[in-house]
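Novice:
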Amino acid sequence: MSVADVRTVFDVLYGAYGPQHWWPATTDFEVMAGAVLTQNTAWRNVERALANLRAVGALEPAALMALEPAHLAERIRPAGYYNIKVTRLRNLTAALLDDGGVEGWRSWSTAALRQRLLGIKGVGEETADSILLYVYHRPVFVVDAYTRRIFARLELLRGDETYRQVAAVFEHALPADTALFNEYHALLVRLGSECCRPRPRCSLCPVCVMCPTGRAQAGGSAER
DNA sequence: TACCAGGAGAAAA
DNA sequence: TTTTCTCATGGT
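Position one of the first sequence corresponds to residue 2 (my numbering), numbered consecutively onward.
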């Protein structure tokens with residue numbers, strides 16, 4: 002995938018959708034909780050879980066830790082995998098509190114903070130990078146299932162690249178601009194959740210103009 | 001009814 | 001080291 006490919010896809014998406022104003026959460030801790038809750042889960046279900054936590058004042062680190070695990074599980078049930086996510090949320094929150102809360106991590110270098118996050122059981126590369134980008138405004142590219150699916154469908158990724166290989170492509174092709182990385186990821190989520198599904202249902206979408214699968218589905222007459 | 005969703009870790013091969 | 005399995009609710 003070339004630098005031009007990376008930039009062209011962004012231009013097409015931005016032209017079609019405009020700015021997305023993301024991440025869809027209000028406080029820094031809510032972003033962290035959402036990053037765990039959205040693991041392999043549709044965001045609409047995460048919103049229900051976040052609303053449940055907000056309703057009992059648990060969208061704050063100490064309050065979340067004070068909640069009985071069984072009660073926490075009940076709150077986050079709509080997001081699925083609730084038994085696993087209770088542990089993951091508590092692991093992340095405990096580490097956060099150990100290091101002085103949300104502000105405690107702000108002075109850490111990006112590399113050090115990524116290592117710290119990846120050392121927390123239940124925090125993988127995507128979750129760690131989401132926190133780095135959306136909470137700590139570090140210029141890291143978040144690679145998610147949508148990113149892989151969209152670029153594989155555009156035949157710009159093979160599909161077997163590692164997380165860091167894919168991230169490196171974007172980080173080298175784009176200026177280290179947090180706002181740009183934020184916008185690009187948001188646009189890919191918008192496209193991925195509306196159109197570029199595992200079984201394509203779209204007839205046409207902003208990237209189907211370039212997308213072999215989309216063109217084929219549309220009968221080879223992709224127009225917008 | 002069956003399939004899928006913005007992962008991650010453990011177990012098996 | 002790589003692949004497969006497991007975790008689970010809610011929408012289409």
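Note that the Cβ used here is the ideal one computed from N, Cα and C, for glycine as well.
1) In its own chain, which residues sit with a C-beta less than 6 Å from the C-beta of Arg149, not counting the 5 before and 5 after it?
2) Once DSSP output is grouped into helix, strand and coil, what is the label at Thr148?
3) To which residues of the same chain is Pro70 closer than 6 Å at the C-beta, ignoring the five residues directly before and after it?
4) Have a look at Arg202 and Pro62 and give me their C-alpha separation to the nearest angstrom.
5) State the DSSP-derived secondary structure class of Leu142, mapped to helix, strand or coil.
6) Just to confirm, is the Cβ distance from Leu54 to Arg76 under 8 Å?
7) Check whether the Cβ atoms of Leu90 and Val37 sit closer than 8 Å, and answer yes or no.
8) Can you look up Asp178 in the DSSP assignment and give me helix, strand or coil?
9) Can you name, in chain order, every residue of its own chain whose Cβ lies under 6 Å from the Cβ of Tyr185, other than the five neighbours on each side?
10) Counting C-beta neighbours from all protein chains within 10 Å, is the total for Ser131 16 or more, i.e. buried, or is it exposed?
11) So Ala64 and Leu51 are in contact, right, with Cβ under 8 Å, and what is the actual spacing, rounded?
12) Measure the C-alpha to C-alpha separation of Val190 and Asp99 and round it to an integer number of angstroms.
13) Helix or strand or just coil, what does DSSP make of Ala111?
14) If distances are taken between C-alpha atoms only, which option among His72, His22, Gln21 and Gly81 comes closest to Glu48?
15) I'd like to confirm something about Glu31: is its beta-carbon nearer than 7 Å to some heavy atom of the ligand GTP, or not?
16) So for Arg202, helix, strand or coil by DSSP?
17) Per DSSP, what kind of secondary structure is Ala59 in: helix, strand or coil?
18) Looking at C-alpha atoms only, which residue of Ala26, His72 and Ala96 is the closest neighbour of Tyr135?
19) Going by beta-carbon coordinates alone, are Tyr182 and Val144 separated by less than 8 Å?
20) Taking only the alpha-carbon atoms, compute the straight-line gap between Gln40 and Glu127 and give it to the nearest angstrom.
21) In the DSSP assignment, the alpha helix (DSSP H) including Val103 goes from what residue to what residue?
Specialist: Working from what's here:
1) Hits under 6 Å: none found.
2) It is helical.
3) Closer than 6 Å at the Cβ level, and outside the excluded window around Pro70, lie Val87.
4) Residue placement at Arg202 is poorly supported in this model, since its pLDDT is 48, which falls under 50; the coordinates still yield a value, given next. Rounded to whole angstroms, the gap between the alpha carbons of Arg202 and Pro62 is 41 Å.
5) The sequence given here places Phe at residue 142; Leu does not occur at that position. DSSP places Phe142 in coil when its eight states are reduced to three.
6) In this structure, Leu54 sits near Arg76, with a CB-CB distance shorter than 8 Å.
7) By the CB criterion at 8 Å, Leu90 and Val37 fall inside the cutoff.
8) Note: Asp178 maps to coil in three-state DSSP.
9) Once the five neighbours on either side are set aside, the close Cβ partners of Tyr185 are Phe11.
10) So Ser131 ends up on the buried side.
11) About 14 Å separates the two Cβ atoms, so there is no contact after all.
12) So the alpha carbons of these two residues sit roughly 32 Å apart.
13) A small fix is needed here, since residue 111 is Thr in this sequence, not Ala. Helix, per DSSP.
14) Comparing Cα-Cα distances from Glu48 to each of His72, His22, Gln21 and Gly81, the minimum goes to Gly81.
15) As presented, the structure is devoid of all ligands, the ligand GTP included, so that no description of it is given.
16) A caution first: Arg202 carries a pLDDT of 48, below 50, which makes its placement in the model unreliable, though a value can still be read off. In this structure, Arg202 counts as coil in the three-state DSSP scheme.
17) Looking at Ala59 - three-state DSSP - the assignment turns out to be coil, as it is neither helix nor strand.
18) The shortest Cα separation from Tyr135 among Ala26, His72 and Ala96 belongs to Ala26.
19) It should be noted that the sequence gives Phe, not Tyr, for residue 182. With a cutoff of 8 Å on beta-carbon distance, Phe182 and Val144 are scored as not near each other.
20) Computed Cα separation, rounded: 9 Å.
21) From DSSP, the alpha helix (DSSP H) with Val103 extends over Gly102 to Gly105.
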